[in-house]
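First up is the structure itself, then whatever we jot down about it.
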Amino acid sequence: MPSDAAKKRQAKKKSQAQARGKPKNTNNEKQTATNGTDIVTNGATNGESIASCTGVLASHPESRDVHVENFSITFHGVELLTDTRLELNCGRRYGLLGLNGCGKSTLMNVIANREIPVPTHIDIFHLSNEMPSSDKTALECVVEVNEERARLEHEAEMLTSEGDQGSERLMYVYERLEELDVDKAVAHAARILHGLGFTATMQRTKTKDFSGGWRMRIALARALFVRPTLLLLDEPTNHLDLDACVWLEEELKQYKRMLVIVSHSQDFLNGVCTNIIHMQEKGLKYYGGNFDSYIKTRAELEENQMKQYNWEQDQIKHMKEYIARFGHGSAKLARQAQSKEKVLAKMVAGGLTEKVKRDKVIAFSFPSCEKLHPPVIQVQHVSFKYLEDKPYLYKDVDFGIDLDTRLALVGPNGAGKSTLLKLLDGSLTPTDGLIRRHNHLKIGRYHQHLQDMLDLEMSAVAWMMQCFPEVKEIDDMRKSIGRYGLSGKQQMCPMKNLSDGQRCRVVFAWLASQGPHLLLLDEPTNHLDIETIDALADALNDFDGGMLLVSHDFRLISQVAKEIWVCENQAVTKWDGDIISYKRTLKKKVQKYVVE
1 MPSDAAKKRQ AKKKSQAQAR GKPKNTNNEK QTATNGTDIV TNGATNGESI
51 ASCTGVLASH PESRDVHVEN FSITFHGVEL LTDTRLELNC GRRYGLLGLN
101 GCGKSTLMNV IANREIPVPT HIDIFHLSNE MPSSDKTALE CVVEVNEERA
151 RLEHEAEMLT SEGDQGSERL MYVYERLEEL DVDKAVAHAA RILHGLGFTA
201 TMQRTKTKDF SGGWRMRIAL ARALFVRPTL LLLDEPTNHL DLDACVWLEE
251 ELKQYKRMLV IVSHSQDFLN GVCTNIIHMQ EKGLKYYGGN FDSYIKTRAE
301 LEENQMKQYN WEQDQIKHMK EYIARFGHGS AKLARQAQSK EKVLAKMVAG
351 GLTEKVKRDK VIAFSFPSCE KLHPPVIQVQ HVSFKYLEDK PYLYKDVDFG
401 IDLDTRLALV GPNGAGKSTL LKLLDGSLTP TDGLIRRHNH LKIGRYHQHL
451 QDMLDLEMSA VAWMMQCFPE VKEIDDMRKS IGRYGLSGKQ QMCPMKNLSD
501 GQRCRVVFAW LASQGPHLLL LDEPTNHLDI ETIDALADAL NDFDGGMLLV
551 SHDFRLISQV AKEIWVCENQ AVTKWDGDII SYKRTLKKKV QKYVVE
């Protein structure tokens, strides 16, 4: 039943609701947020899609589930989905999987833009853009959901006036209003922001003073605060550290409505998802359970499919040979041949089992490097701070790095992990102390802003030829790029037509072409699909140089790191254990900030 506060809000808004009138009913297949806030996209109006799509609503218009039949998407003339079924059920948390460039983000945009018939009572929040820069504080941006609150109050008024006082829909609307209750809003929003790494001071800081990554966290906090019927999260962990990733995993595993996540982190998908949607061969395939369950079930299904396929092909081969050999023989043999011909025709008419089409295997590689005498980098009594009036990030730090070093840097956001990598490659100079580097050392540093240097109007091949003019033959450059999973038209089309994950592969090709001795990798998995991350892990394990890794992907760390170093409290200390034990420690720390 609604609380007194909810009832008071309804009474207060009654005259406004009557003035607005009843929302228009639209029966068009393409529905847009013209009334209220049917679609919430980081507090802004949703953008227009450049994809064309079709679909027919198969679920009841008043249902809290969304089922769409004959669902097709065409993007830039390329068919991404053809006559498939979209099925999203309330209470389920879906992980959306697929290779880079298959159209996962396009699918999310199509749903968010209601280019398929999603019922108007299903409110959608699509996390795709950072919170706009403004004078509002982080906390104000999260709790400012007056438009959504007004929409719900209006819907409650309409349902009540129509005599649906005891309907399930009205009870659901009252529940949503309780969650957005003004009296509880600030405390609830503050808890979410704290879990995502915002201190009390940061929560009162204006959004224009935050970087893009932190504004994306504010947008994520707003999504979690609104808790819509359908929440679409596209790589929500990209701008988070390990602490925030663990907190978000614990928070989302309790989401009771509909959740669709695109994520490259197997560990995160295992912790959150109840179902998996695999986008493959222009269709959507559904699996129950988390990522590990999906891998097991898919392997079993494909094994059975290949057994059936091989059996059918053996039968077909045998029957064709019999027909060819005895079709014109004696009357008895001819009749048997005709019988087999009918069986064969019936098999074909009934539909033959298709051969399993494996995902394209990607193989990364980093070139061999010459051996250098250790240590290749010496950090001696180094202290660092960005400004004179700011506190030190590091004080009196000492360690050495050689070509056998394989370690992951972990720690809370703001502790200085990325800063340490910049100090090591010379992008920053220590405030005190000294960093010595081997005279012949070549360092390759990967960071999230490297994509900004790509000329998106150029093709990957043309851009790489411009970066490395010593490579004279286009075929040689195409082979070099091909090692990173880009082939054919992907190499020759403008890079603006590539997905973020495909552009990341171009950056890796550029990085490897420099022949580094030491790789400094700052969040290298952002925008990469799971298959590409596994290929990267294999390449790093085969690389004969050194590596320092900053990543929020627990699985990648477990695959490639031999040591874990914790950056915290102005120091760098070795963790006595593996990354799984470190995650267990983080889970215990964040439990009290998760909704019970």
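In the UniProt record's numbering, the protein residues as written are 1 to 596. Built from N, CA and C at the ideal position, the CB exists for glycine as well.
Would you mind giving the Cβ-Cβ distance between residue i and residue j, rounded to the nearest angstrom? I have them listed as a contact below 8 angstroms.
| i | j | result |
| --- | --- | --- |
| Gly351 | Val566 | About 57 angstroms separates the two Cβ atoms, so there is no contact after all. |
| Gln203 | Ala138 | 5 angstroms |
| Glu531 | Ile362 | 6 angstroms |
| Lys136 | Thr207 | 6 angstroms |
| Val506 | Ile481 | 7 angstroms |
| Ser133 | Arg215 | 7 angstroms |
| Phe364 | Pro430 | Not quite, the Cβ-Cβ distance comes to about 33 angstroms (not below 8 angstroms), so this is no contact. |
| Leu536 | Met547 | No, Leu536 and Met547 are not in contact; Cβ-Cβ is about 11 angstroms, not under 8 angstroms. |
Comparing C-alpha positions only, which one of the options sits nearest to residue i?
| i | options | result |
| --- | --- | --- |
| Leu387 | Arg478, Leu428, Asp402, Ser368 | Leu428 |
| Arg445 | Met453, Asp425, Ser513, Glu281 | Asp425 |
| Leu407 | Ala138, Ala415, Leu421 | Leu421 |
| Glu251 | Asp241, Val272, Thr237, Lys589 | Val272 |
| Ile218 | Lys357, Met131, Gln448 | Met131 |
| Met495 | Ala460, Gly482, Gly501, Met464 | Ala460 |
| Val142 | Val379, Ser265, Phe225 | Phe225 |
| Asp123 | Ala415, Asp452, Val66 | Val66 |
| Pro469 | Thr573, Gln514, Gly197 | Gln514 |
| Pro516 | Met453, Asp432, Pro367 | Pro367 |
| Thr353 | Gln315, Ile435, Lys574, Val382 | Gln315 |
| Lys357 | His318, Glu300, Pro391, Glu281 | Glu281 |
| Lys371 | His328, Phe326, Ser365, His440 | His440 |
| Met258 | Glu249, Lys385, Leu230, Lys395 | Leu230 |
| Val572 | Tyr394, Tyr309, Lys342 | Tyr394 |
| Asp359 | Asp404, Ala299, Gly488 | Ala299 |
| Phe125 | His449, Met108, Asp83 | Met108 |
| Thr237 | Gly213, Leu450, Asn304, Cys90 | Gly213 |
| Asp83 | Gly283, Asp578, Asn129 | Gly283 |
Please say whether residue j and residue i have beta carbons closer to each other than 9 angstroms?
| i | j | result |
| --- | --- | --- |
| Leu99 | Leu233 | no |
| Gly485 | Leu519 | no |
| Leu88 | Gly103 | no |
| Arg85 | Glu69 | yes |
| Ser551 | Leu511 | no |
| Lys320 | Cys369 | no |
| Leu528 | His264 | yes |
| Arg491 | Arg478 | Per the sequence shown, the amino acid found at residue 491 is Gln instead of Arg. Yes, these two residues count as a Cβ contact at 9 angstroms. |
| Val471 | Gly433 | no |
| Tyr322 | Ala345 | no |
| Leu196 | Leu220 | yes |
| Glu62 | Pro119 | yes |
| His76 | Asn497 | yes |
| Leu57 | Pro117 | yes |
Just to confirm my understanding: we take residue i, look at its own chain, exclude 5 residues before and 5 after, and list those with CB closer than 7 angstroms. What are they?
| i | result |
| --- | --- |
| Ser581 | none |
| Lys583 | Val246, Phe554 |
| Thr45 | Residue confidence for Thr45 is low, a pLDDT of 35 falling below 50, so the modelled location carries little weight and cannot support an answer. |
| Glu568 | Gly411, Pro412, Ala415 |
| Asn25 | At Asn25 the pLDDT is 35, less than 50, meaning the model places this residue with poor confidence; the figure from the coordinates comes in the next sentence. Around Asn25: no qualifying Cβ. |
| Pro375 | Gly400, Ile401, Asp402 |
| Phe291 | Gly95, Gln266, Leu269, Asn270, Cys273, Ile276 |
| Thr525 | His264, Ile533, Ser551, Asp553, Leu556 |
| Lys253 | Gly271, Val272 |
| Gln570 | Tyr392, Leu393, Tyr394, Lys395 |
| Cys493 | Ser459 |
| Glu341 | Ile323 |
| Asp398 | Val379, Gln380, His381 |
Under 6 angstroms Cβ to Cβ from residue i, same chain only, skipping five residues before and after it: list those, please.
| i | result |
| --- | --- |
| Lys30 | In this prediction, Lys30 scores a pLDDT of 35, lower than 50, which makes its location untrustworthy; the coordinate-derived value is nonetheless stated afterwards. Glu115, listed in sequence order. |
| Ile261 | Gly95, Leu233 |
| His278 | Leu97, Lys285 |
| Met347 | none |
| Gly101 | Ser499, Gln502 |
| Glu563 | Leu407 |
| Leu159 | Leu170 |
| Arg436 | Gln378 |
| Thr54 | Ser72 |
| Glu294 | The identity of residue 294 in the sequence shown is Tyr, whereas the question assumes Glu. Hits under 6 angstroms: Ile276, Tyr287. |
| Lys332 | none |
| Gly43 | The predicted position of Gly43 is uncertain, since its pLDDT is 33 and thus under 50; a value taken from the coordinates is nonetheless stated next. Same-chain partners within the cutoff: there are none. |
| Ser52 | Thr74 |
For residue i, which residues in the same chain have their Cβ closer than 8 angstroms to its Cβ, ignoring the five residues on either side in sequence?
| i | result |
| --- | --- |
| Lys588 | none |
| Val173 | Leu152, Glu155, Ala156, Leu159 |
| His328 | Ala334 |
Problem - Contact between the region 555-563 and the region 447-461 (3+ Cβ pairs under 8 angstroms) - result: no
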